[in-house]
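Going left to right, the sequence shown walks through residues 18 to 446 as our numbering numbers them. Here is the structure we will look at, set down as structure tokens.
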Amino acid sequence: MNDNLKFDKQHIWHPYTAIADELPIFQVTHAKGVYLYLSNGKRLIDGMASWWSVIHGYNHPYLNQAISKQLENMAHVMFGGLTHQPAIDLAQTLLAITDKRLDKIFFADSGSVAVEVAMKMALQYFFAQGKQQKQQFLTVRSGYHGDTFGAMSVCDPVTGMHHLFQGVLAPQLFVPAPYSITEDHTDHADIDALEMTLKTQHHTIAAVIIEPIVQGAGGMRIYRAEYLQAVRRLCNQYEVVLIFDEIATGFGRTGKLFAYQHAQVVPDILCLGKALTGGYMTLAATLTTELISSRISACGALMHGPTFMANPLACAVANASIQLLLASDWEQKVLAIEQQLQQQLMRCDHLSSVREVRVIGAIGVVEMYQAVDMQRMPEYFVEQNVWVRPFGKLVYIMPPYIISKEQLEILINAMYKVLAQYGDSALNE
Ligand SMILES: *Cc1c(COP(=O)(O)O)cnc(C)c1O
Numbered sequence: 018m019n020d021n022l023k024f025d026k027q028h029i030w031h032p033y034t035a036i037a038d039e040l041p042i043f044q045v046t047h048a049k050g051v052y053l054y055l056s057n058g059k060r061l062i063d064g065m066a067s068w069w070s071v072i073h074g075y076n077h078p079y080l081n082q083a084i085s086k087q088l089e090n091m092a093h094v095m096f097g098g099l100t101h102q103p104a105i106d107l108a109q110t111l112l113a114i115t116d117k118r119l120d121k122i123f124f125a126d127s128g129s130v131a132v133e134v135a136m137k138m139a140l141q142y143f144f145a146q147g148k149q150q151k152q153q154f155l156t157v158r159s160g161y162h163g164d165t166f167g168a169m170s171v172c173d174p175v176t177g178m179h180h181l182f183q184g185v186l187a188p189q190l191f192v193p194a195p196y197s198i199t200e201d202h203t204d205h206a207d208i209d210a211l212e213m214t215l216k217t218q219h220h221t222i223a224a225v226i227i228e229p230i231v232q233g234a235g236g237m238r239i240y241r242a243e244y245l246q247a248v249r250r251l252c253n254q255y256e257v258v259l260i261f262d263e264i265a266t267g268f269g270r271t272g273k274l275f276a277y278q279h280a281q282v283v284p285d286i287l288c289l290g291k292a293l294t295g296g297y298m299t300l301a302a303t304l305t306t307e308l309i310s311s312r313i314s315a316c317g318a319l320m321h322g323p324t325f326m327a328n329p330l331a332c333a334v335a336n337a338s339i340q341l342l343l344a345s346d347w348e349q350k351v352l353a354i355e356q357q358l359q360q361q362l363m364r365c366d367h368l369s370s371v372r373e374v375r376v377i378g379a380i381g382v383v384e385m386y387q388a389v390d391m392q393r394m395p396e397y398f399v400e401q402n403v404w405v406r407p408f409g410k411l412v413y414i415m416p417p418y419i420i421s422k423e424q425l426e427i428l429i430n431a432m433y434k435v436l437a438q439y440g441d442s443a444l445n446e
């Protein structure tokens, strides 16, 4: 290990790791298109799109240009009492491409903060009506909504960080996760459980928060549109606000521009992030309806305001990224990725170590029987010249949409090879 990596190991935290742990780490020198270039000379095909965000690939000339152009005007200016064209343009675009009932927008500086803001909006909406008792949030298991305290409180209580922060996190209400599309059920027990909780406890519930159609980091599960339709119906019936967290699924990833469009239902509050800037900068947004914003405003201000709210560079590159997406044949491209995943990744299903393979849009998930070895697995993938970062039992990819058929085939073959080898070696131990 060279000195740089040694320093990194001893002093810098990485996501969900301890300082100085023994997990492998790789230094990236630059990136272009679907490729990550490592300091050891290797070139990897990126299967992760840097956690859902890099939809157009790295170092894209159009996005680079948008950011350079904005840089000549200003990198940043406070949003308190001031505004600017990149924010106005982005707000106009986001309100235009989402459902017309979503009419107001709050720019946040990360996905977790967008979720905090969504939760505040729901609470303030009811407080403004004198309904102080509506303070809890209802959600499904296997969810993930971020790492700040409000967001953490609605993450899955087992895979999330509840055990660590027990007694500190606000106690929320959980119902079983919606049935996965791969499960064969004839009943509606998942919907019934949701209905029962809402029926008996709606007077203390401010909002339901859920990731539409695909649950991301909490389990990479795909569920049916019918469930989402039931959630919408029940929230109306029991006067509960509905928050969709589209931070992972937004901007085409599931085959629709937004995953809620699979179910043709609209939330009262929508969170966007990750791919919003094409993976260039941190930016997120919380959108809501005229009704919710006017009720909040009637009683005062929405109490949030990050220092880097609506950062102009981030807004400018988000505008460019959305333009690029909408001008491309993204729907066709995501569909082609989905079909190729269905044909080629499904092969992993035959491996003895694999429990299940599931695919939607440009997302391919292999669920193993056992948690993978994070000591060795990343190195196996790097040896195959691909970047795949599993967690727990889940080995999954969501590549940039610009990935070619040949590159995707290399990526899938590498996954198959690693899992086949790994499965055997795991069995041999
Ligand atoms: C990543 C993610 C978040 C948190 O976003 P950050 O930008 O990491 O704070 C919230 N919700 C979902 C569904 C996510 O995938």
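Idealized CB from N, CA, C, for every residue including glycine. Please read these numbers as outputs of a predicted model, since none were measured by experiment.
Next on the checklist: In the DSSP output, what is I414 paired with across the bridge?
Outcome noted: BP columns for I414 point to G381.
Next on the checklist: Does F182 come out as helix, strand or coil in the three-state DSSP assignment?
Outcome noted: F182: coil per DSSP, three-state reduction.
Checklist entry - Beta-carbon separation of M65 and W347 under 7 Å? => result No; because the gap between Cβ atoms is not below 7 Å, this pair is not in contact.
Checklist entry - Straight-line CA distance for F124 to A131? => result Roughly 8 Å separates the two Cα atoms.
Checklist entry - Hey, out of V157, H93, V351 and I339, whose CA is closest to L107's CA? => result Of the listed residues, the one whose Cα sits closest to L107 is I339.
Checklist entry - Which residue from H73, I427, P195 and Q146 puts its Cα closest to that of R210? => result In the sequence on display, residue 210 carries Ala and not Arg. Checked all of H73, I427, P195 and Q146; the closest Cα to A210 is P195.
Checklist entry - Does ligand 1 have even one heavy atom less than 6 Å from the beta-carbon of H101? => result Remark: the shortest separation between the CB of H101 and any heavy atom of ligand 1 does not fall under 6 Å.
Next on the checklist: Going by the DSSP bridge assignment, what does H47 pair with across the sheet?
Outcome noted: According to DSSP, H47 shares a beta bridge with Y54.
Next on the checklist: What does the alpha-carbon distance come out to for the pair M415 and C316?
Outcome noted: One C-alpha to the other measures close to 43 Å.
Next on the checklist: Our contact map puts I122 next to L304 with C-beta atoms below 8 Å; I'd like the distance itself, whole angstroms only.
Outcome noted: About 5 Å separates the two Cβ atoms, so the contact holds.
Item to check | Whole-angstrom distance between K49 and N445, CA atom to CA atom | outcome: With a pLDDT of only 44 at N445, under the threshold of 50, the placement of this residue in the model should not be trusted; the figure read from the coordinates follows. For N445 and K49, the distance between alpha carbons rounds to 39 Å.
Checklist entry - Of the choices V374, Q141 and Y297, whose alpha-carbon is the least far from that of Y465? => result What is shown of the chain runs 18 to 446, which leaves residue 465 out entirely.
Checklist entry - Who sits around ligand 1, taking every residue whose Cβ is closer than 7 Å to one of its heavy atoms? => result Checking every Cβ against the heavy atoms of ligand 1 under 7 Å gives W68, W69, S127, G128, S129, V130, V132, Y161, H162, G163, D164, A168, E228, G233, A234, D262, I264, A265, C288, G290, K291, T299 and A301.
Item to check | Three-state class that DSSP yields for E446 in the structure shown | outcome: Residue confidence for E446 is low, a pLDDT of 45 falling below 50, so the modelled location carries little weight; the figure read from the coordinates is stated next. Correct three-state label for E446: coil.
Next on the checklist: Please report the straight-line C-alpha distance between L330 and K273, rounded to a whole angstrom.
Outcome noted: Distance between the alpha carbons of L330 and K273 is about 27 Å.
Item to check | 7 Å Cβ cutoff met for Y386 and V435 | outcome: Contact: no.
Checklist entry - Is A35 buried or exposed, if buried means 16 or more other CB atoms sit within 10 Å of its CB? => result Answer is exposed; the Cβ neighbour count stays below 16.
Checklist entry - Which residue from F275, Q281 and H279 puts its Cα closest to that of C288? => result Between C288 and the set F275, Q281 and H279, the nearest pair of CA atoms involves F275.
Item to check | L250: first and last residue of the uninterrupted beta strand (DSSP E) it sits in | outcome: Residue identity check: residue 250 is Arg in the sequence provided, not Leu. For R250, no beta strand (DSSP E) segment is defined; the enclosing uninterrupted segment is the alpha helix (DSSP H) at A242 to Q254.
Checklist entry - Which stretch, first to last residue, makes up the beta strand (DSSP E) that contains I491? => result Residue coverage of the chain in this structure runs from 18 to 446, which leaves residue 491 outside it and unanswerable.
Next on the checklist: If you follow the alpha helix (DSSP H) that V130 is in, where does it begin and where does it stop?
Outcome noted: Following the DSSP letters along the chain, one finds V130 inside the alpha helix (DSSP H) bounded by residues G128 to F144.
Item to check | H73 vs G295 beta-carbon contact at 7 Å | outcome: For H73 and G295, yes; Cβs fall inside 7 Å.
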